[in-house]
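**Q**
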Amino acid sequence: MKILVINNDGAGFADYVHIEPGTSVRKLFERQVRDPRPENYLIRVNRLPAPADQVLEEGDRISFTPVKIEGA
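Here the sequence shown stands for residues 136 to 207, where the numbers follow the numbering used here.
What follows is the structure, encoded as structure tokens:
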């Protein structure tokens with residue numbers, strides 16, 4: 136299935152990615168973000184805060200935004 140991943144870390148990017156059905160927010164975070172600590176990020180699915188165990192669905196938009204931006 137296909138979802139949109141928005142990463143607001145550094146220069147930022149948005150891209151559609153294919154994931155396996157049943158993929159959780161935590162599993163995708165670990166795959167997409169280098170920092171292993173999700174508590175350092177505001178994670179939203181479809182613009183709403185999301186729990187780590189939430190299962191993603193076709194067409195979801197997930198964003199990872201650091202809570203502290205280095206150099207700011």
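We put the CB at the ideal spot given by N, CA and C, even for glycine.
Could you have a look at residue 203 and say whether DSSP puts it in helix, strand or coil?
**A** Reduced to three states, the DSSP call for residue 203 is coil.
**Q** Rounded to whole angstroms, what is the Cα-Cα separation between residue 152 and residue 194?
**A** So the two alpha carbons sit approximately 10 Å from each other.
**Q** Quick one: Cα of residue 171 to Cα of residue 137, how far?
**A** Spanning the two alpha carbons is a distance of roughly 23 Å.
**Q** Along the chain, where does the beta strand (DSSP E) that runs through residue 139 open and close?
**A** Residue 139 -> beta strand (DSSP E) spans 137-142.
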